[in-house]
Amino acid sequence: MGGTTLLTMAAMVLLSVFILSSNSLIQTNSAFMSEGEYIITAISAGQMLIDEAKTKAFDENTLSAPVGTVKELTSSLGKEKDEVIDGFDIFKKKTFKSTIQFDDFDDYNGYKRIVSTFRSDDYSVSALVQYVDPLNPDKSAVGKSFCKKITVIVTNPYLTVPVKLEYAMIQ
Amino acid sequence: MQYLLEITASTIVGGMILLLVMRMNSTLLESATTISVEKTVQSNITSLIDELDYYFKQIGYRVKDTDKIITAEKGELSFLSDIDNDGDIDTVSYYLSKKKILRETENPNDKLLYRVINSSPEVTSNLGVTSFELSYYNGAGVLTNDEEEIKYIKYAIEVESLFPINGEYKGAYAERIVRPNNLR
Chain A
2 MGGTTLLTMA AMVLLSVFIL SSNSLIQTNS AFMSEGEYII TAISAGQMLI
52 DEAKTKAFDE NTLSAPVGTV KELTSSLGKE KDEVIDGFDI FKKKTFKSTI
102 QFDDFDDYNG YKRIVSTFRS DDYSVSALVQ YVDPLNPDKS AVGKSFCKKI
152 TVIVTNPYLT VPVKLEYAMI Q
Chain B
3 MQYLLEITAS TIVGGMILLL VMRMNSTLLE SATTISVEKT VQSNITSLID
53 ELDYYFKQIG YRVKDTDKII TAEKGELSFL SDIDNDGDID TVSYYLSKKK
103 ILRETENPND KLLYRVINSS PEVTSNLGVT SFELSYYNGA GVLTNDEEEI
153 KYIKYAIEVE SLFPINGEYK GAYAERIVRP NNLR
């Protein structure tokens, strides 16, 4: 094998490496930008749930008037017996069941809904509500407090990482 | 003869490499265009959400009359608010153009989203809005069209690119609920 052949082979290898890495870069950039569209819709779906929860009372016991002590707040967070939503809530007749049935913020604890859009696959939105420290909402409260935090997780087959949104509500 | 063969083979291989590089360059350009268009669409929809949230949250600001919303339709919302904080109540309207008026764009579905304050000229810009739908809810969360009953507003907006990339219009979709303080 002559020197020229060796040089040619080395050049071909270098060219292949360059093309492969460029191709990988293009693919990654395209996927990243396409995911942006799904992230925007996912944030919108999650924010919708938070916006809806914000329209409700702080607690089942504060529907008519605020309470003076934390002891008067409900101990178990979640929907009441008369609020029946089995499995995933689905958008029907231009509304979700939660919009009408739920009356307080913590009813959304354990709640799940499917948000369908015509641009991409269905989004699965789930929520968790917990009592948190009013001075530090990132920290769970010991017992009850006048601050509740909702954590909303949105997933979609096209999202590599679920979108997580949080909102803390005080009485 | 040997030299002739070598020159022919080199020309063929060189030509193939040149084609490869040209193809890669074209792919790079296409990818850059796609990314740029997607970024524009995503930027447009987030700007629109910011704007709509800003204006809708001010519905009824400083309005003493109970009728704070004048028109509540699927494609149009008109409301009263002291939008410029000058003490005078303004009438603000949002609506989508009814038909295709953007003849210079390739997208057959893009329309203009108008904002009109009082009797001033329509304010708009072509951000590629293809759909803008409004829904209105009362305090119990039930759908209503009665302007006096409305407590919160849901809007759904879709934005698409003005021209197709590989035959496809890049787009983004978002929905939001706005609960103006002055409708509570």
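Protein chains in written order, with the working numbering: chain A, 2 to 172; chain B, 3 to 186. Positions of the beta carbon are idealized from the N, C-alpha and C atoms, including for glycine. What you are looking at is a predicted structure, and each value in this text was computed from that prediction instead of being measured.
- By the C-beta criterion, the segment 72–88 of chain B is judged to be in contact with the segment 46–64 of chain B, since at least 3 inter-stretch pairs fall below 8 Å.
- Rounded to the nearest angstrom, the Cβ distance from Lys-113 (chain A) to Val-130 (chain A) is 13 Å, too far for a contact under 8 Å.
- By the Cβ criterion, the segment 171–185 of chain B is in contact with the segment 43–56 of chain A, since at least three pairs of Cβ atoms, one from each stretch, lie closer than 8 Å.
- The beta carbons of Asn-109 (chain B) and Glu-162 (chain B) sit closer together than 9 Å.
- Ranked by how close their Cα comes to the Cα of Asp-105 (chain A), the residues A:Leu-78, A:Val-85, A:Phe-89, A:Glu-38 have A:Leu-78 in first place.
- Annotation: the segment 72–126 of chain A contains the following complete segments of the beta strand (DSSP E) (minimum length 3 residues), in chain order: 113–116.
- In the structure shown, the three-state DSSP call for Ile-103 (chain B) is coil.
- One Cα belongs to Lys-94 (chain A), the other to Leu-145 (chain B), and the distance between them is close to 9 Å.
- With respect to Ile-152 (chain B), Tyr-138 (chain B) sits close: the two C-beta atoms are nearer than 9 Å.
- Uninterrupted alpha helix (DSSP H) stretches at least 4 residues long and entirely within the segment 64–90 of chain B do not occur.
- CA-to-CA, the gap between Leu-104 (chain B) and Met-170 (chain A) works out to about 44 Å.
- Taking 7 Å as the upper bound on Cβ-Cβ separation, chain B lies near residues Thr-118, Arg-120 of the segment 104–120 of chain A.
- According to the DSSP secondary-structure assignment, Arg-117 (chain B) is paired through a beta bridge with B:Tyr-96, B:Val-125.
- Taking Pro-67 (chain A) as the centre and dropping the five residues before and after it, the same chain places the C-beta of Phe-59, Gln-172 closer than 8 Å to its C-beta, in chain order.
- Interface flag for Lys-55 (chain A) against chain B is set, since a Cβ pair is found closer than 9 Å.
- Val-153 (chain A) sits in a strand when the DSSP states are folded into three classes.
- When 9 Å is used as the limit between beta carbons, Tyr-5 (chain B) is near no residue of chain A, the shortest such separation being about 13 Å.
- For Lys-95 (chain A), the chain B residues whose Cβ falls inside 7 Å of its Cβ are Ser-137, Leu-145, in order along the chain.
- Listed by position along chain A, the residues whose Cβ is nearer than 8 Å to that of Thr-36 (chain B) are Ser-31, Met-34.
- Counting only Cβ-Cβ distances below 9 Å, Leu-16 (chain A) has contacts in chain B at Ile-19, Leu-22, Val-23, in chain order.
- The C-alpha of Thr-70 (chain A) is placed about 38 Å away from the C-alpha of Asp-69 (chain B).
- Residues of the segment 95–112 of chain B with a C-beta less than 8 Å from any C-beta of chain A: none at all.
- Under the Cβ criterion of 9 Å, Ser-28 (chain B) is not counted among the residues facing chain A.
- A straight line joining the alpha-carbon of Thr-29 (chain A) with that of Leu-15 (chain A) spans about 21 Å.
- Chain-ordered, the chain A residues with CB closer than 7 Å to the CB of Ser-33 (chain B) read Ile-27, Asn-30, Ser-31.
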